[in-house]
Amino acid sequence: MATFEEELNALLDRTKNISVPIMDFSLGGDVDSCIDPSEDWINDVEIFYDKYLKNHALGSRIETILFHRTSSAYTELVSCLRSISRDQDFINKMNGVSTVEVPKYKAKTLPEYDVFISHANKDKLSFVDELNESLKKLGVSIFYDKESLEWGDNWKERILDGTKKAEFAIIVISENFFDREWTEKELSEFLNRQDRNGQKLILPIVHNITNEDLRKKYPKVADIQAIDSKTYTCDQIALLFAKQLIKRLKTM
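In my numbering, the protein residues as written are 13 to 264.
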């Protein structure tokens with residue numbers, strides 16, 4: 013089943029192949045030639061509106077456009093949907109992600125980062141860069157070495173500091189992750205933190221390996237529920253993470 017955002021993007025993508033409709037035609041012309049794909053598109057927008065948009069700030073505007081169906085209806089609806097596609101708060105709400113207001117007196121006790129992404133450098137291009145972008149779209153605060161380390165930093169100290177200041181750790185475990193000095197060190201830091209605090213910290217993702225491979229290499233991590241990068245898109249993983257973060261904030 014397509015999500016709200018997928019259905020919205022599909023409607024907008026279709027407009028790339030639809031010309032602005034011309035309502036006038038000469039006498040004696042072929043009426044069928046004036047039937048425009050925009051009419052079908054507007055009908056589908058009405059279904060989409062009825063399903064999702066009645067409570068949006070532009071809902072009443074869209075309802076009026078759909079009711080009157082003037083010659084400018086297609087252009088006006090495209091403009092409305094484009095605006096909605098940029099309304100991240102509404103998109104998050106429709107995707108089941110909500111925001112939590114944190115009292116000021118608690119704000120200082122919150123970690124510096126929502127998540128630390130632990131990974132092998134070889135997995136950046138194939139997976140981790142995209143996952144980082146998906147998390148950023150949701151406003152997640154991320155320690156990602158590619159973006160968090162700055163010129164002149166002592167990178168070892170910065171990474172170790174990051175492992176201490178993140179609420180969660182997404183561990184992307186692949187064959188490239190195995191037996192690397194710093195991936196092993198990061199994993200050890202997070203396992204020790206989780207054991208000390210007795211609170212969920214590690215969120216494992218198996219990437220191009222099996223759960224059995226994970227168990228053979230890291231039996232302690234294998235006891236933690238993992239997800240497979242082949243099963244979920246990066247956007248879906250980001251939403252799953254956001255839900256974990258919201259649950260944590262609600263208990264604080």
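Ideal placement from N, C-alpha and C gives every residue a C-beta, glycine not left out.
Query	Result
Could you tell me the distance, in whole angstroms, from the CA atom of residue 144 to the CA atom of residue 95?	25 Å
How would you label residue 179, buried or exposed, when you count the other beta carbons within 10 angstroms and need 16 or more for buried?	buried
Taking all protein chains shown into account, do 16 or more other C-beta atoms lie within 10 angstroms of the C-beta of residue 134, making it buried, or fewer, making it exposed?	exposed
Measuring alpha carbon to alpha carbon, tell me which residue in 31, 131, 61 is nearest residue 83.	31
I need the boundaries of the alpha helix (DSSP H) containing residue 72, first residue and last residue.	71-80
By DSSP, does residue 217 sit in helix, in strand, or in coil?	strand
So what's residue 191 in DSSP terms, helix, strand or just coil?	coil
Cα separation between residue 25 and residue 80?	24 Å
Report the residue ranges of all beta strand (DSSP E) runs contained in full by the region 96-176; include only those spanning at least 3 residues, in chain order.	125-130
In the structure shown, what three-state DSSP assignment does residue 59 receive?	helix
Name the residue from 170, 171, 234, 70 whose alpha carbon lies nearest to the alpha carbon of residue 99.	70
Measure the C-alpha to C-alpha separation of residue 29 and residue 218 and round it to an integer number of angstroms.	39 Å
Buried or exposed: residue 22, going by 16 or more other Cβ atoms within 10 Å of its Cβ?	exposed
Measure from the alpha carbon of residue 158 to the alpha carbon of each residue in 171, 150, 149, then state which is nearest.	171
Are any of the Cβ atoms in chain C nearer than 7 Å to that of residue 65?	Note that chain C does not occur in the displayed structure, where there is just one protein chain.
With a cut-off of 8 Å on the beta carbons, I'd call residue 253 and residue 147 a contact; round off their distance for me.	7 Å
Taking 6 Å as the limit between beta carbons, can you name the residues of its chain near residue 256, skipping five residues before and five after?	none
How many angstroms separate the CA atom of residue 323 from the CA atom of residue 19?	In the structure as shown, the chain starts at 13 and stops at 264, and residue 323 therefore has no counterpart that could be examined.
In this structure, how does DSSP classify residue 178 when only helix, strand and coil are distinguished?	strand
From the DSSP secondary-structure annotation, give me the bridge partner or partners of residue 30.	For residue 30, which the question treats as bridged, DSSP gives no partner whatsoever.
Can you name, in chain order, every residue of its own chain whose Cβ lies under 8 Å from the Cβ of residue 16, other than the five neighbours on each side?	64, 103, 106, 107
Quick check on residue 236: does DSSP put it in helix, strand or coil?	coil
Please list the terminal residues of the continuous alpha helix (DSSP H) segment that includes residue 256.	246-262
Where residue 227 and residue 156 are concerned, what is the direct C-alpha to C-alpha distance, given to the nearest angstrom?	26 Å
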